[in-house]
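Those sequence lines, one after another, are chains A and B. Just so we're aligned, residue 1 is where the first sequence starts under the working numbering, counting upward by one. Just so we're aligned, residue 137 is where the second sequence starts under the working numbering, counting upward by one. What follows is a set of notes on a single structure, which appears directly below.
There are 2 protein chains.
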Amino acid sequence: MSDETLHHVGFVVASIENAAPGFCRIYGVQEISKIYHDPLQRVYVAFLQPQPPGSCQIELVAPAGPDSTVQGFLEKGGGLHHLCYEVSDLDGRLNEMRARGAMMVRKPKPAVAFGGRRIAWVVTAEKLLIEFLERG
Amino acid sequence: MSDETLHHVGFVVASIENAAPGFCRIYGVQEISKIYHDPLQRVYVAFLQPQPPGSCQIELVAPAGPDSTVQGFLEKGGGLHHLCYEVSDLDGRLNEMRARGAMMVRKPKPAVAFGGRRIAWVVTAEKLLIEFLERG
Numbered sequence: 001m002s003d004e005t006l007h008h009v010g011f012v013v014a015s016i017e018n019a020a021p022g023f024c025r026i027y028g029v030q031e032i033s034k035i036y037h038d039p040l041q042r043v044y045v046a047f048l049q050p051q052p053p054g055s056c057q058i059e060l061v062a063p064a065g066p067d068s069t070v071q072g073f074l075e076k077g078g079g080l081h082h083l084c085y086e087v088s089d090l091d092g093r094l095n096e097m098r099a100r101g102a103m104m105v106r107k108p109k110p111a112v113a114f115g116g117r118r119i120a121w122v123v124t125a126e127k128l129l130i131e132f133l134e135r136g
Numbered sequence: 137m138s139d140e141t142l143h144h145v146g147f148v149v150a151s152i153e154n155a156a157p158g159f160c161r162i163y164g165v166q167e168i169s170k171i172y173h174d175p176l177q178r179v180y181v182a183f184l185q186p187q188p189p190g191s192c193q194i195e196l197v198a199p200a201g202p203d204s205t206v207q208g209f210l211e212k213g214g215g216l217h218h219l220c221y222e223v224s225d226l227d228g229r230l231n232e233m234r235a236r237g238a239m240m241v242r243k244p245k246p247a248v249a250f251g252g253r254r255i256a257w258v259v260t261a262e263k264l265l266i267e268f269l270e271r272g
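What follows is the structure in structure tokens.
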């Protein structure tokens, strides 16, 4: 992972609108980003901003409907959900992860929350869910 | 949070010995640190090393007995558990977090995994569990 950085940590909530004020207060930030609707993943996502200095971003994720990819996780209580690493070579990184034993969850697709940059998801045998974001 | 950095992300597993090989393979690291036994929290903890460059550390946490602070979380499936921020002024930071509405979970105490540096725990209304580590 020599070229990559931890871009954000995803936290699943029932409602971004309801959770945002508490997260902003706790992190001492003014606001969240625009709330993006990702129809491919059937989620809403938003980021605390400005990003806490020296730290990775906090992403709030909420289901957009009962068939959302995070609905099951929310029903178990929600909370810390995934780590997202930003990488230069997304396809090469995914091949490497597969060779190391990770399972593909979602193949690379453009993500509205990242200006169309591609994201992909893998999960490890120990059930660590990892998102990879192609560097812009 | 101007002076602080995300020090590590904690991931709860049933057994560090069993989980470590898979985590090391996935992250492409050689080994984990010494496994520390923290009798105050009744957990075992270890860190992937070397730390992935440009990223925060990954901490594996496992219960040390059925009365462990992470036993309940493990019984719900384990996984991503907490964020740990390293701060210069631990006591001031905790006062600030309380003023912002966070609940104290554990007051500052020395932690064997950090050479006796003090750690403390808070939880937010949205159930984000945050550890603060006093800068060395």
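For glycine and all other residues, C-beta sits at the position ideal for the given N, C-alpha and C. Every value quoted in this text rests on a predicted model; they were computed, and no experiment measured them.
Note on geometry: alpha-carbon atoms of P199 of chain B and C84 of chain A lie some 26 Å from one another. Chain-order list of chain B residues neighbouring G101 of chain A: G158, R161, I162, by C-beta distance under 9 Å. For the options A:G28, A:R25, A:K127, A:L48, the alpha carbon positioned closest to that of Y36 of chain A is the one of A:L48.
Near chain B, meaning a CB-to-CB distance below 7 Å, the residues of the region 104-136 of chain A are T124, A125, E126, K127, L128. The DSSP-derived three-state label of L196 of chain B is strand. Here the alpha carbons of V70 of chain A and V43 of chain A stand approximately 7 Å from one another. Distance between L74 of chain A and Y163 of chain B, taken at the CA atoms: about 27 Å. Residue contact check for Y221 of chain B against chain A: a CB pair falls below 8 Å. R106 of chain A carries a strand assignment under DSSP once its states are collapsed to helix, strand and coil. F159 of chain B: member of the alpha helix (DSSP H) spanning 152-163, first to last residue. The residue among A:D3, A:A20, A:Q41, A:R100 with its C-alpha nearest the C-alpha of R161 of chain B is A:R100. Among the residues of chain B, none has a CB under 7 Å from the CB of V61 of chain A; the nearest is roughly 12 Å distant. DSSP places Q49 of chain A within a strand segment (E or B) once states are collapsed to three. Membership of E75 of chain A in the alpha helix (DSSP H) is indicated by the continuous run 71-75. A distance below 8 Å between beta-carbons, with the five flanking residues on each side excluded, links I194 of chain B to the following residues of its chain, in chain order: H144, V145, F147, F159, Y163, F183, L184, P188. In the DSSP assignment, E232 of chain B falls within the alpha helix (DSSP H) that extends over 226-235. DSSP, reduced to helix, strand and coil, places V43 of chain A within a strand of the structure shown.
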